[in-house]
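> This is the structure I want to talk about, given as structure tokens.
In UniProt numbering, the protein residues as written are 1 to 334.
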């Protein structure tokens, strides 16, 4: 498309994506490239401005990527935005404004928003720990201390195990052969474990020491975090285990209201019909499965019936042979 810059303007990127193949691992995002991209040589390492859209891989990864290229480095959002993971068409919208704020919408509903500076690590932190500050030596962070007035009771120390007082040496015990008999040991009911003094509030407690911060001398605000001098290509650079994802309704504009209306006129106009069609397909599949199960059971029943008849015929033949061997005539000749 014709190259443009979003400097001093809102940027809206919007598209629909449908994982009709019930995707288990693969991307559904788009990339916006500068006009300088060699489209015949586009690949995974081609530098882009923005990458936006859903990414799914197993139960652990179901998120919306929002990645900006800032000074040659791809910077990921610090928030986790969950994407849709069903088989329906969904509308994804990214809005980037000249005041360095953003908004992410799914199906024309806001799911995340905030500040570019706060939610991406474009810049060094505004504040850093004061390298000159250190915790005073007498700073006591212990909320509780041992009670100096508490002392261990004199009868506290008891062995953990003692000889079983009810045990008796077997009558046939031979000390010359078996050695000296020792009763088995049992848990001492009077054992109290290791003694520890009770805890009391520390009168010298000053709380958790917090390292003071100072302005970071390396921090410089950038009011143009949102801006790119050149957009010229939108592309799909995806890796998928199962193909079949359907993309449609691509839109790049500077009008948030128009994008919302366009989404309602495209995705919004078909979403209910799509769901009804899916329900109908599921019902047809369910009925088909029931018919197949029923037919399979009937066939299995017929096979069992044929087997029973063959067994009865074999039994009659065996009985006739036994009577002939015994010298008797068959039943129908008597």
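For glycine and all other residues, C-beta sits at the position ideal for the given N, C-alpha and C.
Look at the Cβ atom of residue 130, then the Cβ atom of residue 47, and state whether they are nearer than 8 angstroms.
no
> Around the C-beta of residue 83, are 16 or more other C-beta atoms found within 10 angstroms, so that it is buried, or is it exposed?
buried
> Take residue 255 as the anchor and find which of 96, 18 and 75 has the nearest alpha-carbon.
Minimum Cα distance to residue 255 is reached at 96.
> For residue 206 and residue 146, I'd like the C-alpha separation in whole angstroms.
17 angstroms
> Using a Cβ-Cβ cutoff of less than 7 angstroms, which residues in the same chain neighbour residue 260 once the five nearest sequence positions on both sides are dropped?
Cβ neighbours of residue 260 beyond the five flanking positions: 108.
> Quick one: what's got a C-beta closer than 7 angstroms to residue 32's C-beta in the same chain, skipping five residues either side?
13, 48, 49, 50, 231 and 234, listed in sequence order.
> Assign residue 72 to one of two classes, buried (16 or more other C-beta atoms within 10 Å of its C-beta) or exposed (fewer than that).
exposed
> In this structure, what does DSSP give as the bridge partners for residue 235?
Partner(s): 31.
> Between residue 80 and residue 63, which are expected to be in contact by the criterion C-beta below 8 angstroms, what is the C-beta distance as a whole number of angstroms?
Contact flag correct, Cβ pair sits at about 6 angstroms.
> Just reading off the alpha helix (DSSP H) that residue 112 is part of, what are its end residues?
Residue 112 -> not in any alpha helix (DSSP H); beta strand (DSSP E) instead, spanning 109-115.
> Assuming residue 249 and residue 10 are in contact, meaning their beta carbons sit under 8 angstroms apart, how far apart are those beta carbons, in whole angstroms?
No, residue 249 and residue 10 are not in contact; Cβ-Cβ is about 19 angstroms, not under 8 angstroms.
> Name the two residues that bound the continuous alpha helix (DSSP H) containing residue 177.
175-178
> Hey, residue 75 and residue 121 are a contact pair by Cβ (cut 8 angstroms); roughly how many whole angstroms apart?
6 angstroms
> Take residue 152 and list the residues in its own chain whose beta-carbon comes closer than 7 angstroms to its own, dropping the five residues that flank it on each side.
195
> Thinking C-beta only, is residue 183 closer than 8 angstroms to residue 163?
yes
> Could you give the DSSP three-state label for residue 49: helix, strand or coil?
Looking at residue 49 - three-state DSSP - the assignment turns out to be coil, as it is neither helix nor strand.
> Between 157, 154 and 114, which lies nearest to residue 78 when the distance is taken from Cα to Cα?
114
> Once the 5 residues before and after residue 24 are set aside, which same chain residues still bring their CB inside 8 angstroms of it?
56, 57, 58, 241 and 242
> At the level of alpha carbons, what is the spacing between residue 128 and residue 7?
Distance from the CA of residue 128 to the CA of residue 7, rounded to the nearest whole angstrom, comes to 31 angstroms.
> How should residue 258 be labelled, buried or exposed, when 16 other C-beta atoms within 10 angstroms of its C-beta is the threshold for buried?
Residue 258 should be labelled exposed.
> If I follow the unbroken beta strand (DSSP E) through residue 191, where does it start and stop?
That residue, residue 191, is in no beta strand (DSSP E); it is neither H nor E in DSSP.
> Within 10 angstroms of its Cβ, does residue 185 collect 16 or more other Cβ (buried), or is it exposed?
Flag for residue 185 reads exposed.
> Going straight from the alpha carbon of residue 180 to that of residue 155, what length do you get?
Distance between the alpha carbons of residue 180 and residue 155 is about 31 angstroms.
> Should residue 30 go down as buried or exposed, given a rule of 16 or more other Cβ atoms within 10 Å for buried?
buried
> Going by CA-CA distance only, name the one from 161, 158, 222 and 41 that's closest to residue 117.
222
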